[in-house]
Amino acid sequence: MPHILIVDDELYQRMLIRETLGNDPTFTFSEAEDGIRTLEQVRRERFDLIILDVMMPEMDGFEVCRKLKNDPELRTIPVILVTALGRLQDKVMGLDSGADDFVNKPFEESELQARVRSALRMKAMHDELQRLMHLRDDLVRMIMHDMGNLVTVVNSALSLYLRLPADSPQAIRFVRDAYEANLSLSDMISDALDVSSIENQKLPVHRQEIDLLALVESLREAFHGMAMERDVEIDLNVADRFNPIVKVDPALIRRVIANLLTNALKYSPVGSHISIYLGSNDTHDMFRIAVTDHGPGIPPEDMNLIFNKYALAQLYKERRERPGRGLGLTFSKLAVEAHNGRISVQSNPGEGATFTIELPRG
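In terms of this note's numbering, the sequence shown has 1183 at position 258, counting the first letter as 1, and numbering is strictly consecutive.
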(Lines of atoms letter the chains of each structure in order from A and count residues from 1; the text may use other names and numbers.)
(Lines give C-alpha, C1' and ligand atoms only; values in the text may rest on other atoms or scores of the structure.)
Protein backbone atom coordinates (compact mmCIF):
# COMPACT_ATOMS: atom_id res chain seq x y z
CA MET A 1 0.00 0.00 0.00
CA PRO A 2 1.46 3.40 -0.95
CA HIS A 3 2.52 5.40 2.08
CA ILE A 4 2.31 9.18 1.58
CA LEU A 5 3.85 11.87 3.78
CA ILE A 6 1.95 15.17 3.79
CA VAL A 7 4.08 18.15 4.90
CA ASP A 8 2.51 21.54 5.64
CA ASP A 9 2.72 23.92 8.58
CA GLU A 10 -1.05 24.49 8.41
CA LEU A 11 -3.29 21.75 9.83
CA TYR A 12 -6.13 22.72 7.50
CA GLN A 13 -3.99 22.19 4.39
CA ARG A 14 -2.82 18.80 5.62
CA MET A 15 -6.42 17.76 6.27
CA LEU A 16 -7.51 19.05 2.85
CA ILE A 17 -4.85 17.02 1.03
CA ARG A 18 -5.65 13.92 3.04
CA GLU A 19 -9.36 14.32 2.30
CA THR A 20 -8.68 14.89 -1.41
CA LEU A 21 -6.70 11.65 -1.66
CA GLY A 22 -8.78 9.68 0.84
CA ASN A 23 -11.05 8.20 -1.82
CA ASP A 24 -8.30 5.70 -2.65
CA PRO A 25 -8.44 3.00 0.07
CA THR A 26 -4.94 1.77 -0.78
CA PHE A 27 -3.27 4.99 0.41
CA THR A 28 -1.93 5.37 3.94
CA PHE A 29 -0.86 8.74 5.30
CA SER A 30 1.54 10.33 7.75
CA GLU A 31 1.94 14.05 8.46
CA ALA A 32 4.69 16.49 9.37
CA GLU A 33 4.33 20.20 10.15
CA ASP A 34 7.82 21.47 9.32
CA GLY A 35 10.99 20.64 7.46
CA ILE A 36 13.02 19.42 10.42
CA ARG A 37 10.37 16.92 11.48
CA THR A 38 10.06 15.81 7.86
CA LEU A 39 13.76 14.92 7.62
CA GLU A 40 13.55 13.05 10.91
CA GLN A 41 10.43 11.16 9.88
CA VAL A 42 11.68 9.97 6.50
CA ARG A 43 14.60 8.29 8.25
CA ARG A 44 12.27 6.39 10.56
CA GLU A 45 9.57 5.33 8.11
CA ARG A 46 9.39 4.23 4.50
CA PHE A 47 7.46 6.54 2.18
CA ASP A 48 6.44 6.17 -1.44
CA LEU A 49 5.64 9.86 -1.96
CA ILE A 50 6.09 13.21 -0.19
CA ILE A 51 3.65 16.06 -0.79
CA LEU A 52 5.61 19.08 0.39
CA ASP A 53 4.49 22.66 1.02
CA VAL A 54 6.98 25.32 -0.07
CA MET A 55 6.25 28.19 2.31
CA MET A 56 7.14 26.92 5.80
CA PRO A 57 8.98 28.58 8.72
CA GLU A 58 12.62 27.77 9.60
CA MET A 59 13.22 25.53 6.56
CA ASP A 60 11.21 26.01 3.39
CA GLY A 61 10.14 23.28 1.01
CA PHE A 62 12.93 24.02 -1.46
CA GLU A 63 15.58 23.37 1.19
CA VAL A 64 13.82 20.24 2.47
CA CYS A 65 13.60 18.90 -1.07
CA ARG A 66 17.26 19.68 -1.70
CA LYS A 67 18.30 17.77 1.42
CA LEU A 68 16.13 14.79 0.46
CA LYS A 69 17.54 14.61 -3.06
CA ASN A 70 21.13 14.92 -1.82
CA ASP A 71 20.69 11.90 0.46
CA PRO A 72 21.45 8.62 -1.43
CA GLU A 73 18.98 6.70 0.75
CA LEU A 74 16.12 9.18 0.27
CA ARG A 75 16.57 10.65 -3.20
CA THR A 76 14.36 8.09 -4.94
CA ILE A 77 11.26 9.19 -3.01
CA PRO A 78 9.23 11.37 -5.40
CA VAL A 79 8.41 14.86 -4.13
CA ILE A 80 5.44 16.93 -5.24
CA LEU A 81 5.80 20.59 -4.25
CA VAL A 82 2.60 22.41 -3.32
CA THR A 83 3.03 26.14 -3.70
CA ALA A 84 1.15 29.40 -4.00
CA LEU A 85 4.17 30.89 -5.77
CA GLY A 86 3.48 31.24 -9.44
CA ARG A 87 6.57 32.97 -10.77
CA LEU A 88 8.78 31.21 -13.30
CA GLN A 89 11.85 31.66 -11.08
CA ASP A 90 10.04 29.81 -8.26
CA LYS A 91 9.39 26.85 -10.54
CA VAL A 92 13.00 26.91 -11.68
CA MET A 93 14.11 26.92 -8.04
CA GLY A 94 11.86 23.95 -7.35
CA LEU A 95 13.27 21.99 -10.28
CA ASP A 96 16.81 22.84 -9.20
CA SER A 97 16.01 21.53 -5.72
CA GLY A 98 15.05 18.16 -7.26
CA ALA A 99 11.24 18.29 -7.13
CA ASP A 100 9.49 15.74 -9.31
CA ASP A 101 6.26 17.70 -9.83
CA PHE A 102 4.31 20.80 -8.83
CA VAL A 103 0.77 21.59 -7.76
CA ASN A 104 -0.36 25.20 -7.39
CA LYS A 105 -2.51 26.40 -4.51
CA PRO A 106 -5.44 26.41 -4.51
CA PHE A 107 -5.38 23.06 -6.29
CA GLU A 108 -8.02 21.20 -8.20
CA GLU A 109 -8.82 17.85 -6.58
CA SER A 110 -8.65 15.94 -9.85
CA GLU A 111 -5.27 17.48 -10.71
CA LEU A 112 -3.71 16.55 -7.36
CA GLN A 113 -5.12 13.03 -7.58
CA ALA A 114 -3.74 12.58 -11.12
CA ARG A 115 -0.29 13.90 -10.21
CA VAL A 116 -0.15 11.63 -7.17
CA ARG A 117 -1.09 8.59 -9.25
CA SER A 118 1.55 9.51 -11.83
CA ALA A 119 4.27 9.94 -9.18
CA LEU A 120 3.36 6.62 -7.56
CA ARG A 121 3.49 4.84 -10.93
CA MET A 122 6.98 6.18 -11.52
CA LYS A 123 8.04 5.12 -8.02
CA ALA A 124 6.64 1.62 -8.55
CA MET A 125 8.50 1.33 -11.88
CA HIS A 126 11.72 2.50 -10.24
CA ASP A 127 11.31 0.04 -7.38
CA GLU A 128 10.67 -2.82 -9.79
CA LEU A 129 13.75 -1.88 -11.83
CA GLN A 130 15.86 -1.81 -8.66
CA ARG A 131 14.49 -5.20 -7.63
CA LEU A 132 15.38 -6.70 -11.00
CA MET A 133 18.85 -5.18 -10.91
CA HIS A 134 19.48 -6.70 -7.49
CA LEU A 135 18.20 -10.07 -8.72
CA ARG A 136 20.45 -9.78 -11.78
CA ASP A 137 23.43 -9.23 -9.50
CA ASP A 138 22.39 -12.23 -7.38
CA LEU A 139 22.03 -14.29 -10.56
CA VAL A 140 25.53 -13.36 -11.72
CA ARG A 141 26.94 -14.28 -8.30
CA MET A 142 25.11 -17.62 -8.41
CA ILE A 143 26.47 -18.49 -11.86
CA MET A 144 29.99 -17.35 -11.01
CA HIS A 145 29.86 -19.43 -7.82
CA ASP A 146 28.88 -22.55 -9.79
CA MET A 147 31.49 -21.89 -12.45
CA GLY A 148 34.12 -21.35 -9.77
CA ASN A 149 33.25 -24.71 -8.22
CA LEU A 150 33.70 -26.47 -11.56
CA VAL A 151 37.01 -24.72 -12.22
CA THR A 152 38.16 -25.88 -8.79
CA VAL A 153 37.22 -29.48 -9.68
CA VAL A 154 39.17 -29.26 -12.94
CA ASN A 155 42.24 -27.75 -11.27
CA SER A 156 42.20 -30.21 -8.38
CA ALA A 157 41.76 -33.24 -10.63
CA LEU A 158 44.56 -32.20 -12.98
CA SER A 159 46.83 -31.34 -10.06
CA LEU A 160 46.33 -34.83 -8.62
CA TYR A 161 46.80 -36.38 -12.06
CA LEU A 162 50.22 -34.74 -12.44
CA ARG A 163 51.42 -36.42 -9.24
CA LEU A 164 50.63 -39.94 -10.47
CA PRO A 165 51.87 -42.21 -13.24
CA ALA A 166 49.94 -41.23 -16.36
CA ASP A 167 48.58 -44.74 -17.02
CA SER A 168 47.51 -45.54 -13.46
CA PRO A 169 43.77 -46.14 -12.79
CA GLN A 170 43.65 -43.21 -10.37
CA ALA A 171 45.25 -40.85 -12.88
CA ILE A 172 42.73 -41.87 -15.54
CA ARG A 173 39.92 -41.30 -13.03
CA PHE A 174 41.19 -37.76 -12.28
CA VAL A 175 41.39 -36.95 -16.01
CA ARG A 176 37.83 -38.18 -16.45
CA ASP A 177 36.68 -36.03 -13.50
CA ALA A 178 38.34 -32.98 -15.05
CA TYR A 179 36.81 -33.76 -18.44
CA GLU A 180 33.28 -34.12 -17.01
CA ALA A 181 33.63 -30.92 -14.98
CA ASN A 182 34.82 -29.10 -18.09
CA LEU A 183 31.80 -30.38 -20.05
CA SER A 184 29.50 -29.16 -17.28
CA LEU A 185 31.21 -25.78 -17.36
CA SER A 186 30.74 -25.59 -21.12
CA ASP A 187 27.06 -26.52 -20.80
CA MET A 188 26.57 -23.87 -18.12
CA ILE A 189 28.07 -21.17 -20.33
CA SER A 190 25.93 -22.31 -23.28
CA ASP A 191 22.77 -22.28 -21.13
CA ALA A 192 23.46 -18.76 -19.89
CA LEU A 193 24.14 -17.44 -23.41
CA ASP A 194 21.16 -19.22 -24.94
CA VAL A 195 18.75 -18.09 -22.21
CA SER A 196 19.60 -14.53 -23.18
CA SER A 197 19.25 -15.32 -26.90
CA ILE A 198 15.87 -17.04 -26.52
CA GLU A 199 14.53 -14.24 -24.32
CA ASN A 200 15.55 -11.75 -27.02
CA GLN A 201 14.14 -14.04 -29.74
CA LYS A 202 17.55 -14.35 -31.33
CA LEU A 203 18.00 -18.13 -31.06
CA PRO A 204 16.45 -19.83 -34.09
CA VAL A 205 14.75 -23.21 -33.77
CA HIS A 206 15.95 -25.49 -36.58
CA ARG A 207 13.34 -28.24 -36.77
CA GLN A 208 14.15 -31.46 -38.52
CA GLU A 209 12.75 -34.96 -38.52
CA ILE A 210 14.58 -37.18 -36.04
CA ASP A 211 14.23 -40.52 -34.27
CA LEU A 212 13.52 -39.45 -30.68
CA LEU A 213 14.11 -42.94 -29.33
CA ALA A 214 17.59 -43.02 -30.87
CA LEU A 215 18.37 -39.58 -29.42
CA VAL A 216 17.29 -40.65 -25.92
CA GLU A 217 19.20 -43.93 -26.21
CA SER A 218 22.37 -42.01 -27.11
CA LEU A 219 21.90 -39.73 -24.09
CA ARG A 220 21.31 -42.71 -21.84
CA GLU A 221 24.58 -44.17 -23.05
CA ALA A 222 26.39 -40.84 -22.56
CA PHE A 223 25.22 -40.70 -18.93
CA HIS A 224 25.97 -44.37 -18.26
CA GLY A 225 29.44 -43.78 -16.80
CA MET A 226 28.29 -41.00 -14.53
CA ALA A 227 25.36 -43.13 -13.35
CA MET A 228 27.60 -46.12 -12.66
CA GLU A 229 29.82 -44.01 -10.41
CA ARG A 230 26.75 -43.21 -8.32
CA ASP A 231 25.40 -46.77 -8.54
CA VAL A 232 22.28 -45.41 -10.25
CA GLU A 233 20.37 -47.20 -13.00
CA ILE A 234 18.79 -45.25 -15.87
CA ASP A 235 15.69 -47.08 -17.15
CA LEU A 236 13.95 -46.33 -20.43
CA ASN A 237 10.23 -47.07 -20.81
CA VAL A 238 8.46 -46.59 -24.13
CA ALA A 239 4.68 -46.59 -24.51
CA ASP A 240 3.11 -49.24 -26.74
CA ARG A 241 2.86 -48.23 -30.40
CA PHE A 242 4.85 -45.05 -29.74
CA ASN A 243 6.00 -43.44 -32.99
CA PRO A 244 9.52 -42.06 -32.31
CA ILE A 245 9.68 -39.90 -35.46
CA VAL A 246 9.23 -36.24 -34.45
CA LYS A 247 10.16 -32.86 -35.89
CA VAL A 248 12.21 -30.76 -33.44
CA ASP A 249 15.52 -28.97 -33.11
CA PRO A 250 17.68 -31.95 -32.10
CA ALA A 251 20.46 -29.88 -30.51
CA LEU A 252 18.06 -27.95 -28.28
CA ILE A 253 15.97 -30.94 -27.25
CA ARG A 254 19.09 -33.03 -26.58
CA ARG A 255 20.32 -30.33 -24.17
CA VAL A 256 16.92 -30.11 -22.48
CA ILE A 257 16.87 -33.85 -21.78
CA ALA A 258 20.54 -33.76 -20.72
CA ASN A 259 19.72 -30.99 -18.22
CA LEU A 260 16.92 -33.06 -16.73
CA LEU A 261 19.16 -36.14 -16.48
CA THR A 262 21.93 -34.07 -14.87
CA ASN A 263 19.52 -32.81 -12.20
CA ALA A 264 18.09 -36.28 -11.66
CA LEU A 265 21.57 -37.75 -11.15
CA LYS A 266 22.54 -34.93 -8.82
CA TYR A 267 19.68 -35.71 -6.46
CA SER A 268 19.39 -39.50 -6.86
CA PRO A 269 20.44 -41.55 -3.80
CA VAL A 270 23.06 -44.24 -4.21
CA GLY A 271 21.51 -47.49 -5.43
CA SER A 272 18.36 -45.83 -6.82
CA HIS A 273 17.16 -45.56 -10.39
CA ILE A 274 16.08 -42.87 -12.84
CA SER A 275 13.23 -43.50 -15.25
CA ILE A 276 12.86 -41.98 -18.72
CA TYR A 277 9.41 -42.37 -20.27
CA LEU A 278 8.46 -41.75 -23.90
CA GLY A 279 4.81 -41.56 -24.90
CA SER A 280 2.07 -39.56 -26.62
CA ASN A 281 -1.09 -37.76 -25.62
CA ASP A 282 -4.52 -39.21 -26.37
CA THR A 283 -4.74 -37.58 -29.80
CA HIS A 284 -1.13 -38.47 -30.68
CA ASP A 285 -0.39 -34.94 -31.91
CA MET A 286 1.92 -34.31 -28.94
CA PHE A 287 4.72 -36.49 -27.61
CA ARG A 288 5.81 -36.67 -24.01
CA ILE A 289 9.18 -37.17 -22.30
CA ALA A 290 9.22 -37.68 -18.54
CA VAL A 291 12.32 -37.99 -16.33
CA THR A 292 11.72 -39.29 -12.81
CA ASP A 293 14.18 -39.55 -9.93
CA HIS A 294 13.80 -40.84 -6.38
CA GLY A 295 15.64 -38.06 -4.60
CA PRO A 296 14.47 -35.70 -1.84
CA GLY A 297 11.87 -34.01 -4.02
CA ILE A 298 11.11 -30.31 -4.33
CA PRO A 299 9.51 -28.27 -1.52
CA PRO A 300 5.98 -27.13 -2.48
CA GLU A 301 6.91 -23.47 -2.04
CA ASP A 302 9.66 -23.84 -4.68
CA MET A 303 7.60 -25.60 -7.37
CA ASN A 304 6.67 -22.39 -9.19
CA LEU A 305 10.16 -20.91 -8.88
CA ILE A 306 12.59 -23.44 -10.26
CA PHE A 307 12.27 -22.41 -13.93
CA ASN A 308 12.64 -18.69 -13.21
CA LYS A 309 16.22 -17.45 -13.33
CA TYR A 310 15.55 -14.54 -10.96
CA ALA A 311 13.70 -16.77 -8.50
CA LEU A 312 16.67 -19.16 -8.56
CA ALA A 313 18.93 -16.24 -7.76
CA GLN A 314 16.67 -15.26 -4.86
CA LEU A 315 16.73 -18.83 -3.51
CA TYR A 316 20.50 -18.84 -3.79
CA LYS A 317 20.73 -15.54 -1.94
CA GLU A 318 18.43 -16.69 0.86
CA ARG A 319 19.57 -20.32 1.28
CA ARG A 320 22.74 -20.75 -0.78
CA GLU A 321 20.95 -23.59 -2.53
CA ARG A 322 18.66 -24.19 -5.53
CA PRO A 323 17.60 -27.07 -7.77
CA GLY A 324 20.04 -27.95 -10.49
CA ARG A 325 23.09 -26.02 -11.53
CA GLY A 326 23.34 -22.72 -13.35
CA LEU A 327 20.46 -21.88 -15.68
CA GLY A 328 19.75 -25.38 -16.96
CA LEU A 329 16.08 -25.44 -15.97
CA THR A 330 15.50 -21.89 -17.18
CA PHE A 331 17.05 -22.78 -20.53
CA SER A 332 14.98 -25.97 -20.71
CA LYS A 333 11.70 -24.12 -20.18
CA LEU A 334 12.53 -21.48 -22.80
CA ALA A 335 13.72 -24.07 -25.33
CA VAL A 336 10.56 -26.16 -24.87
CA GLU A 337 8.34 -23.08 -25.19
CA ALA A 338 10.22 -22.07 -28.34
CA HIS A 339 8.87 -25.37 -29.76
CA ASN A 340 5.33 -24.36 -28.65
CA GLY A 341 5.53 -26.99 -25.96
CA ARG A 342 5.38 -26.99 -22.18
CA ILE A 343 7.43 -28.35 -19.29
CA SER A 344 6.08 -29.18 -15.86
CA VAL A 345 7.18 -30.81 -12.63
CA GLN A 346 5.43 -33.00 -10.09
CA SER A 347 7.02 -33.72 -6.75
CA ASN A 348 6.30 -34.68 -3.17
CA PRO A 349 8.99 -34.04 -0.55
CA GLY A 350 10.90 -37.25 0.10
CA GLU A 351 9.44 -39.01 -2.94
CA GLY A 352 11.49 -37.65 -5.82
CA ALA A 353 10.45 -35.51 -8.77
CA THR A 354 9.13 -36.01 -12.30
CA PHE A 355 9.86 -33.44 -15.00
CA THR A 356 7.59 -33.80 -18.03
CA ILE A 357 8.07 -32.26 -21.48
CA GLU A 358 5.18 -32.14 -23.96
CA LEU A 359 5.92 -31.07 -27.52
CA PRO A 360 4.04 -31.03 -30.82
CA ARG A 361 5.20 -33.73 -33.21
CA GLY A 362 5.83 -31.34 -36.09
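Backbone N, C-alpha and C fix where the C-beta goes; we use that ideal spot for every residue, glycine too.
Taking DSSP as the reference, what is the three-state secondary structure of His1198? strand
Compute the Euclidean distance between the alpha carbons of Asn1162 and Ile1199, then round it to the nearest angstrom. 11 Å
Among Leu1190, Ile1178, Leu999, Arg1267, which residue has its Cα nearest to the Cα of Ala1139? Ile1178
Give me, in chain order, the residues of the same chain whose beta-carbon lies closer than 7 Å to that of Glu944; leave out the 5 immediate sequence neighbours on both sides. none
Are there three or more Cβ pairs, one per stretch, closer than 8 Å when the region 993-1005 is compared with the region 944-954? no
Under 6 Å Cβ to Cβ from Ala1152, same chain only, skipping five residues before and after it: list those, please. Ile1159
Classify His1219 as buried or exposed, calling it buried when 16 or more other Cβ atoms lie within 10 Å of its own Cβ. buried
First and last residue of the uninterrupted alpha helix (DSSP H) at Glu1142: 1137-1147
When the Cβ atoms of the region 1208-1226 are set against those of the region 1278-1285, are three or more pairs found closer than 8 Å? yes
Three-way DSSP call (helix, strand, coil) for Lys1016 in this model: helix
Taking 8 Å as the threshold (C-beta atoms), are Val1130 and Ala1263 in contact? yes
What do you reckon, are the CB atoms on Arg1145 and Phe1212 nearer than 8 Å? no
For Leu1271, collect the residues of the same chain with a Cβ closer than 8 Å to its Cβ; drop the 5 residues on either side in sequence, then sort them by chain order. Per the sequence shown, the amino acid found at residue 1271 is Gln instead of Leu. Correct list, in chain order: Ala1278, Thr1279, Thr1281.
Terminal residues of the continuous alpha helix (DSSP H) containing Ser1257? 1253-1263
Taking DSSP as the reference, what is the three-state secondary structure of Phe1212? strand
Residues that DSSP places opposite Gly1204 in a beta bridge: Arg1213
Contacting residues, own chain, Cβ-Cβ under 7 Å from Met1072 (five flanking each side not counted): Leu1110, Met1113
Grab me the residues of Leu904's own chain with a C-beta within less than 6 Å of its C-beta, minus the 5 sequence neighbours each way, in chain order. Residue 904 lies beyond the range of the chain shown here (926 to 1287); nothing can be said about it.
Which word fits Thr1255, buried or exposed, when buried means at least 16 other C-beta atoms lie within 10 angstroms of its C-beta? buried
Report all residues from its chain with a CB closer than 8 Å to the CB of Leu1089; omit the five preceding and five following residues, and keep chain order. Gln1095, Ala1096, Phe1099
Expressed to the nearest angstrom, what Euclidean distance is found between the alpha-carbon atoms of Arg1061 and His1051? 15 Å
Which first and last residues belong to the alpha helix (DSSP H) in which Val1130 is found? That residue, Val1130, is in no alpha helix (DSSP H); it is neither H nor E in DSSP.
Go ahead and label Thr1008 buried or exposed: buried means 16 or more other beta carbons lie within 10 angstroms of its beta carbon, across all protein chains shown. buried
Bridge partners for Phe1280 per DSSP, in chain order? Val1216, Val1270
Can the beta-carbon of Asp1025 be found less than 8 Å from the beta-carbon of Ala1044? yes
What residues are listed by DSSP as bridge partners for Phe1348? The question about residue 1348 has no answer, for the chain in this structure spans 926 to 1287.
Alpha-carbon to alpha-carbon, Ile976 and Ile1231: 42 Å
Evaluate Gly986 with the Cβ neighbour count: other Cβ atoms within 10 Å of its Cβ, from every protein chain shown; 16 or more gives buried, anything less gives exposed. buried
Grouping DSSP H, G and I as helix and E and B as strand, with all else coil, what is Glu956? strand
For Arg971 and His1059, the rounded distance between their alpha carbons: 19 Å
Spell out the partners DSSP gives Leu977 in its beta bridges. Val932, Leu1006
Just how far apart, CA to CA, sit Phe920 and Thr1208? With the chain represented from 926 up to 1287, any question about residue 920 goes unanswered, as that position is not in the structure.
Beta-bridge pairing of Ile1159 - partner residues as DSSP gives them: Ile1199
If you follow the alpha helix (DSSP H) that Ile1182 is part of, which residue opens it and which one closes it? 1175-1192
To the nearest angstrom, how far is the alpha carbon of Pro1003 from that of Glu983? 22 Å
DSSP three-state call for Pro1290: helix, strand or coil? Only positions 926 to 1287 of the chain appear in the structure, and residue 1290 is not among them; the question remains open.
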